[in-house]
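Quick note: to get this note's numbering, add 242 to the position in the sequence shown (first position is 1).
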Amino acid sequence: MRATGIGSFPGDTQRDYDEALAVVLGELTGDEGIGHVPEVPGRGAIAAMTGRTLGLIAELDADLQPGGWRLTGSSGATPLDQRRARSLLAQDLDALEERASGHTGSFKTQVAGPWTLAATVERPRGDKLLADHGARRELAQALAEAVADHVGDLRRRLPAAAELVVQLDEPALPAVMAGAVPTASGFGKHRTIHPPEASEALEWVLAAVRDAGAVPWVHCCAPDVPLALLRGAGAAGVMVDLALLDADGMDAAAEALEAGDTIALGVVPTSGALPSDKALVERVLRWLDVLGLDPEVVGGQLVVTPACGLAGSTAADARRATELVRSVARSLAG
Numbered sequence: 243m244r245a246t247g248i249g250s251f252p253g254d255t256q257r258d259y260d261e262a263l264a265v266v267l268g269e270l271t272g273d274e275g276i277g278h279v280p281e282v283p284g285r286g287a288i289a290a291m292t293g294r295t296l297g298l299i300a301e302l303d304a305d306l307q308p309g310g311w312r313l314t315g316s317s318g319a320t321p322l323d324q325r326r327a328r329s330l331l332a333q334d335l336d337a338l339e340e341r342a343s344g345h346t347g348s349f350k351t352q353v354a355g356p357w358t359l360a361a362t363v364e365r366p367r368g369d370k371l372l373a374d375h376g377a378r379r380e381l382a383q384a385l386a387e388a389v390a391d392h393v394g395d396l397r398r399r400l401p402a403a404a405e406l407v408v409q410l411d412e413p414a415l416p417a418v419m420a421g422a423v424p425t426a427s428g429f430g431k432h433r434t435i436h437p438p439e440a441s442e443a444l445e446w447v448l449a450a451v452r453d454a455g456a457v458p459w460v461h462c463c464a465p466d467v468p469l470a471l472l473r474g475a476g477a478a479g480v481m482v483d484l485a486l487l488d489a490d491g492m493d494a495a496a497e498a499l500e501a502g503d504t505i506a507l508g509v510v511p512t513s514g515a516l517p518s519d520k521a522l523v524e525r526v527l528r529w530l531d532v533l534g535l536d537p538e539v540v541g542g543q544l545v546v547t548p549a550c551g552l553a554g555s556t557a558a559d560a561r562r563a564t565e566l567v568r569s570v571a572r573s574l575a576g
C-alpha cells in the first residue's frame with residue numbers, strides 16, 4: 243500500500259512552491275510513498291494545469307487571451323506567455339533536482355491529458371480545439387512527443403529514482419464523452435466524442451509514456467470515470483475520487499485490481515474538517531469488503547491519495563492531508 247498526492251498545493255509565490263516541495267519530499271518517500279512534482283496554480287495561468295502542459299509542447303504555439311489559452315496558428319517565435327510557462331516549469335524542476343537528486347523511490351509528474359486540453363484550449367479563430375477533428379489529433383500527437391521529452395528530462399534530473407510515473411489529468415473526459423462541453427457561445431454543446439476516438443488519443447500519449455520508460459496513469463476526479471476505456475487505452479493506473487464512484491465504477495475498479503493494475507483511491511477530503519486516519523482506514527477496508535477483495539492480496543496495487551488537488555486548501559490542511567495519506571497507507575500495509 244502506497245501514498246501519493248494529486249499534484250496541486252495552495253499558495254501564490256515561489257516560496258509556496260518550495261514549501262510544497264518540502265512537504266512532498268518529507269512525507270511521500272520510501273516504500274510507502276510516491277513523491278511528485280508539486281503544482282502551485284495560484285501563481286497564475288502559466289502555473290496552472292493547462293499552461294504548465296502547454297509549456298512542455300514545442301510543436302504548437304499558444305498565448306493567453308481573456309478567455310484562456312489559445313493556439314496562435316503561427317510558426318514564428320514562441321509566444322511570451324508560453325515561454326513564461328516553460329521558464330517557470332524549468333525553475334520548479336531545477337528546485338526539485340537540487341533537493342531530490344538522490345531520491346531513490348518512485349516519483350510522479352502530472353500533465354493535462356489530450357481531452358482536457360482539447361476542451362480548454364481554443365483554436366486560432368476561436369472556440370475549443372474540441373470542435374476540430376484535425377486539431378484534436380494534432381494536439382494529442384504533439385502532447386505525446388512533449389511527454390516523452392519530459393520523462394527524459396526528469397530521468398536526467400532524478401537518476402536514482404526507482405520508477406517514474408506520469409499522471410495524465412483528465413477531469414474533462416467524462417463531459418467530452420457525454421457531449422456536455424459548452425461551445426464558445428454558451429448556447430450549444432460540442433459533439434460527443436465516441437469511445438474509439440477518445441481511446442485513440444489517449445493511446446498515443448500513454449504509449450509515449452511507456453516507451454519513454456515511465457508508468458502511465460490517468461487521474462479523473464469526476465463522476466462517470468470510464469475506467470475500462472482508460473485501461474484499454476494503456477493506463478496502468480487510474481486515480482479516482484472514492485466518493486464519486488458509482489456501482490459500475492466500483493466493479494470496474496475491482497476488475498482493475500484483480501488484473502494487477504493500480505487504483506489510486508482519493509479518500510482524504512479536500513474541504514471541511516479532516517477525518518482521523520483511523521476513520522479513513524476503516525473506510526478503505528469497508529470498500530474492499532463490499533467488493534469482496536482481500537487487502538493482503540490487492541494491497542500492492544492500491545494507492546491512497548487526497549480526493550483531488552489541494553490548491554483550495556490552507557497550507558496547514560494541505561500538509562495535514564499529505565501526512566494523512568501516508569499514515570493511512572502505512573496502517574493499511576500493516
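All C-beta atoms in this analysis are idealised placements derived from N, C-alpha and C, irrespective of residue type, glycine included.
Note that the structure is a prediction, hence the values are computed from the model and not measured.
Residue range of the beta strand (DSSP E) that includes residue i
| i | result |
| --- | --- |
| Ser348 | Ser348 to Ala354 |
| Leu410 | Glu405 to Asp411 |
| Leu313 | Gly310 to Leu313 |
| Pro458 | Val457 to His461 |
| Asp483 | Gly479 to Asp483 |
Selected residue, minimal CA-CA separation from residue i, among the options
| i | options | result |
| --- | --- | --- |
| Ala521 | Thr504, Val567, Val539 and Asp536 | Val567 |
| Leu400 | Pro517, Leu338, Leu499 and Thr556 | Leu338 |
| Ala443 | Gly542, Ser329 and Leu359 | Leu359 |
| Ala262 | Ala571, Val546, Leu552 and Ser569 | Leu552 |
| Thr295 | Asp254, Arg328, Gly277 and Thr434 | Arg328 |
| Leu484 | Thr547, Ala377 and Gly576 | Thr547 |
| Lys350 | Ala388, Ala373, His278 and Leu335 | His278 |
| Leu471 | Ala382, Ala489, Glu439 and Leu487 | Glu439 |
| Gln383 | Ala300, Phe251, Leu516 and Gly514 | Ala300 |
| Arg326 | Asp336, Ala388, Ile288 and Arg341 | Ile288 |
Limits of the unbroken alpha helix (DSSP H) element including residue i
| i | result |
| --- | --- |
| Val467 | Note, Val467: premise wrong, no alpha helix (DSSP H); not H, not E. |
| Ala506 | No alpha helix (DSSP H) holds Ala506; the beta strand (DSSP E) holding it covers Thr504 to Val510. |
| Pro416 | Leu415 to Met419 |
| Gly491 | Ala489 to Glu500 |
| Arg399 | His375 to Arg399 |
| Gly293 | Met291 to Leu296 |
| Leu566 | Ala557 to Ala575 |
| Ala304 | Not the alpha helix (DSSP H): Ala304 falls in the beta strand (DSSP E), residues Ala304 to Gln307. |
| Asp536 | No alpha helix (DSSP H) holds Asp536; DSSP gives it neither H nor E. |
| Val265 | Gln256 to Glu269 |
Counted within 10 angstroms of its Cβ, other Cβ atoms place residue i as buried (16 or more) or exposed
| i | result |
| --- | --- |
| Gln333 | exposed |
| Val539 | exposed |
| Gln543 | buried |
| Asp519 | buried |
| Val482 | buried |
| Phe429 | exposed |
| Leu581 | Outside the shown range of the chain, which is 243 to 576, sits residue 581, and nothing can be said about it. |
| Gln352 | buried |
| Pro366 | exposed |
| Glu364 | buried |
| Gly249 | buried |
| Gln324 | buried |
| Pro308 | exposed |
| Ser569 | buried |
| Glu281 | buried |
| His375 | exposed |
| Ile312 | In the sequence on display, residue 312 carries Arg and not Ile. Flag for Arg312 reads buried. |
Same chain only: Cβ atoms within 6 Å of residue i, ignoring 5 sequence neighbours per side
| i | result |
| --- | --- |
| Pro416 | Ala464 and Asp466 |
| Ala575 | Met243 |
7 Å CB neighbourhood of residue i in its chain, flanking five on each side removed
| i | result |
| --- | --- |
| Thr425 | Asp369, Lys431 and His432 |
| Leu469 | Val480, Gly491, Ala494, Ala495 and Ala498 |
| Ala449 | Gly476 |
| Pro321 | Asp303, Ala304, Asp305 and Thr314 |
Same chain, Cβ closer than 8 Å to residue i, neighbours up to 5 away in sequence not counted
| i | result |
| --- | --- |
| Gly272 | Gly347 |
Inset, instruction - Would you be able to state if there are at least three C-beta pairs under 8 Å between the region 407–424 and the region 443–462? - result: yes
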